[in-house]
Every structure is written in structure tokens, then in C-alpha cells.
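Student: So the protein lines, in turn, are chains A and B. Per this note's numbering, the first sequence starts with residue 13, numbered consecutively. Per this note's numbering, the second sequence starts with residue 13, numbered consecutively. Note that beta-carbon positions come from the ideal geometry of N, C-alpha and C, so glycine has one too.
2 protein chains.
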Amino acid sequence: MRAEFVNPFLISLMNVLNTMAQLELKPGAPRKKSDELARGDVSGLIGMVGPQTRGSFSITFDKALALEVMRRMLGEAPSSINEEVTDMVGEITNMVTGGAKRILGEKGYDFDMATPVVVAGPNHTIAHKADSTKIMMPFECEYGKATIEICFE
Amino acid sequence: MRAEFVNPFLISLMNVLNTMAQLELKPGAPRKKSDELARGDVSGLIGMVGPQTRGSFSITFDKALALEVMRRMLGEAPSSINEEVTDMVGEITNMVTGGAKRILGEKGYDFDMATPVVVAGPNHTIAHKADSTKIMMPFECEYGKATIEICFE
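Structural data, given as C-alpha cells:
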């Protein structure tokens, strides 16, 4: 997978959380993911299909960070990961991927997005099965961590 | 979502497990999914994008059934849901969706498939976020249950 595919997702995530929730995420170093553990409690997943490539993207939030984003975006914070929280995570998954799609489209890499699926559960695992390197990139702020994972064939 | 979108996935799943693992699954009645709980221990998810529609498909297996499919397909059965099992679930997700794509293509509904993602964990939840009805269909055999979920916009 080309490294230039990763930065647009990083930029887009920081933009989305800054704009929608006034949160500044601090990005950590990207690295290969070689296990299957999700780095948090709730994850948005989305498939991407283009003429040159196809793959999948996921974003995983710590529960505390997901609830804080809820509180900032919608003015309310449930105490658990309910359907409103998974709706919000699905919407963020859509927005981050849509932002990256625009940036990559300007570089000549076009893809279409499927619809997101949100999974949750203690110690859930996520395994991207595209035939390529899986890149993960951690982010953090005072409320907790978020991690994106990208895999393009 | 049109009902004619569901049957191709049912037929394809039964074909795949019959051909690859000599297992006969008995289909139950399809119904709307109105909660978020996954009906099993390990799930393959895949996104679909076409000119007329887009959506997501998932298939969830009881652990015992996933391990029996492993044993029948590969001649070995690990005792837990390891990376070989998630690889197999990802492959089945690809094959079932590919079979349904061929059937739907003959009816004039074309779509491209993204790459699968496999999630696992006790009591994990799956929420398809396409803006449409979520249809779930249960299957069973002597080794356990499998459930497919389909959501097309």
C-alpha cells in the first residue's frame, strides 16, 4: 500500500473532529498492524471500491472518547455505547472517508464508498482481509484514544 | 430494500457451504433486524458499491460451526478463533458475496465488492448503517447457527 494513501485519512479525521466536536487529536506514528485486536471499544468500518484499487478503512474509539464526542456534537452523553453512539460513529466513518476520498480524488485516485457498519464489544477484534499491508495510526487527546486502520489492495 | 436482493445471498451461502464443507444449512425465516446484537462469535463484513445501490453484507457464525467448517475445509480445527479462522470467514464472505453478485448481475443489478473485514469477540454488536431496512436470515445445522444480514440503500 502506498504511504500517500494514509495521510488523507489522517488529515480528514483531524478536520472532522476539530470541526464537529472542537477536539484536537494528537497523531502518533503510523505502523503496520500485525495482530487483530481493535484498539478501543467501538469501531466504524467501511469498504471502498475504485477502478485502480479496493480496500477497507476502520476507526476505533475508546468508549470515553466516543461519549465525549457525542456530548460535544449533540449536547448529550449517554452512559453506554447505545444506538445513538453507533449512529455517530457511523457518521464520522462516512465523513472521514468522504474527506479522504476528496483529497485522493485530486491526486487521481478515485474510489466509491460503501455504507458503514459499526461494531462494538469488549476486546473485539478487527481483521482487514485485503491482500496488502495493514497500516494503523493512533491518535490521542485528554479524553482517550482513537485509532484508524487502512488496508488497500 | 427489495426482497429479490435477499434470495441470491441465501442461495449463495448454501452453495458455498455445501461445496466447500459438505454442510447442509437449513434456512429459517428472514426478518427485519431491529437491534444491534450479532448472532454469533465471529462475523465477516463486506461493503458493496454499484451504480444503482450500495450497502453492506455480514455473516456471523457460532464458534462451534466456524471451527467445524475449518475442519471440513482444511482438515484441521484450532480450538479458538485464531487468524486462520478469520481468514476462512473472510474467504467465505467473499465467496458468498461473489455468488450473489453473479445472480444479481444476471437480473441487471451490478455492484462491485470491497474487501472483507472480519470481527470477533464475545457479545459483539453489528450495526449496518445504510439508510434502509436491515434484513437478517438465520441458518442452522447440527454444529450451530449462522446468520446473514443484508442492508442495501
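Using a Cβ-Cβ cut-off of less than 9 Å, list which residues of the region 127–148 of chain A approach chain B; keep chain order.
Tutor: Answer set for the region 127–148 of chain A: Thr127, Pro128, Val129, Val130, Val131, Ala132, Gly133, Pro134, Asn135, His136, Thr137, Ile138, Ala139, His140, Lys141, Ala142, Asp143, Ser144.
Student: Tell me the DSSP secondary structure of B/Leu29 in three-state form.
Tutor: In the structure shown, B/Leu29 sits in a helix (DSSP, three-state: H, G or I).
Student: To which residues of the same chain is B/Leu86 closer than 6 Å at the C-beta, ignoring the five residues directly before and after it?
Tutor: For B/Leu86, where only same-chain residues beyond five positions count, there are no Cβ hits under 6 Å.
Student: Smallest Cα separation from A/Leu29: which of A/Lys146, A/Ile71, A/Ile138, A/Ala132?
Tutor: It is A/Ile71.
Student: In terms of residues, what are the limits of the alpha helix (DSSP H) holding B/Gly2?
Tutor: Since the first residue of chain B shown is 13 and the last is 165, residue 2 of chain B is not available in this structure.
Student: Could you please give the first and the last residue of the uninterrupted alpha helix (DSSP H) stretch that includes B/Ala78?
Tutor: Its alpha helix (DSSP H) spans residues 75–86.
Student: According to a CB-to-CB cut-off of less than 8 Å, which residues of the region 68–84 of chain A neighbour chain B?
Tutor: Within the region 68–84 of chain A, the qualifying residues are Ser68, Ser70.
Student: Based on Cα-Cα distance, which residue from A/Gly52, A/Thr145, A/Glu118, A/Met82 lies nearest to A/Ser68?
Tutor: The option with the nearest alpha carbon to A/Ser68 is A/Thr145.
Student: For A/Cys153, go through chain B and note every residue whose CB falls closer than 8 Å to its CB, in chain order.
Tutor: None at all; the shortest Cβ gap to chain B is about 24 Å.
Student: Just to make sure I have the definition right: I need the residues of chain B whose C-beta is within less than 9 Å of the C-beta of A/Asp53. Which are they?
Tutor: Within chain B, no residue comes near A/Asp53; the closest Cβ sits about 10 Å away, beyond 9 Å.
Student: Whole angstroms are fine: how far does the CA of A/Ala78 sit from the CA of B/Glu96?
Tutor: Between B/Glu96 and A/Ala78, the C-alpha separation is close to 31 Å.
Student: Identify which residue in B/Ile58, B/Lys75, B/Glu103, B/Pro63 has its Cα closest to the Cα of B/Glu161.
Tutor: Residue B/Ile58 is the option with its Cα nearest to B/Glu161.
Student: Could you tell me the boundaries of the beta strand (DSSP E) in which B/Leu57 lies?
Tutor: Unbroken beta strand (DSSP E) run through B/Leu57: 54–61.
Student: What span of residues does the beta strand (DSSP E) with B/Thr137 cover, start to end?
Tutor: Here the beta strand (DSSP E) through B/Thr137 covers 137–140.
Student: With a cut-off of 7 Å, does the C-beta of B/Leu57 fall near any C-beta of chain A?
Tutor: Yes, contact with chain A.
Student: Counting only beta-carbon atoms, is A/Met26 nearer than 7 Å to chain B?
Tutor: Not an interface residue.
Student: For the pair the region 14–24 of chain B and the region 116–133 of chain B, tell me if three or more CB-CB distances fall below 8 Å.
Tutor: Taking 8 Å as the limit for Cβ pairs, the verdict is that the region 116–133 of chain B does touch the region 14–24 of chain B.
Student: Closer than 7 Å by C-beta to B/Thr137: which residues in its own chain qualify, once you throw out the five before and the five after it? Chain order, please.
Tutor: So the list reads Glu48, Leu49, Ala50, once near-sequence residues are dropped.
Student: Between the C-alpha atoms of A/Glu36 and A/Glu154, what's the straight-line distance to the nearest angstrom?
Tutor: When rounded, the distance between both Cα atoms is 9 Å.
Student: Starting from the beta carbon of A/Asp124, find every residue of chain B whose beta carbon is closer than 7 Å, and list them in chain order.
Tutor: Those are Val61, listed as they occur along chain B.
Student: In three-state terms, what does DSSP make of A/Leu35?
Tutor: In the structure shown, A/Leu35 sits in coil (DSSP, three-state: anything other than H, G, I, E or B).
Student: Hey, could you find the ends of the beta strand (DSSP E) B/Glu152 is sitting in?
Tutor: Segment 147–153, the beta strand (DSSP E) holding B/Glu152.
Student: Would you call B/Lys38 buried or exposed, if buried means 16 or more other Cβ atoms sit within 10 Å of its Cβ?
Tutor: Its Cβ having fewer than 16 others within 10 Å, B/Lys38 is exposed.
Student: Strictly below 8 Å CB to CB, what residues from chain A border B/Glu165?
Tutor: Here the neighbours are Thr127.
Student: Considering only DSSP beta bridges, list what A/Leu49 is partnered with.
Tutor: For A/Leu49, which the question treats as bridged, DSSP gives the partners A/Thr137.
Student: Is it buried or exposed, B/Lys141, if we count other Cβ atoms within 10 angstroms and call 16 or more buried?
Tutor: Answer is buried; the Cβ neighbour count reaches 16.
Student: Inspect the beta-carbon positions of B/Gly56 and B/Thr109 and report whether they are closer than 7 Å.
Tutor: Contact: no.
Student: With a cut-off of 8 Å on the beta carbons, I'd call B/Thr65 and B/Glu165 a contact; round off their distance for me.
Tutor: Going by Cβ atoms, the distance from B/Thr65 to B/Glu165 rounds to 6 Å, so yes, they are a contact pair.
Student: Taking A/Thr98 as the query, report the chain B residues whose CB atoms sit under 8 Å from its CB, ordered along the chain.
Tutor: Within chain B, the residues near A/Thr98 are Glu48, Thr137, Ala139, Lys141.
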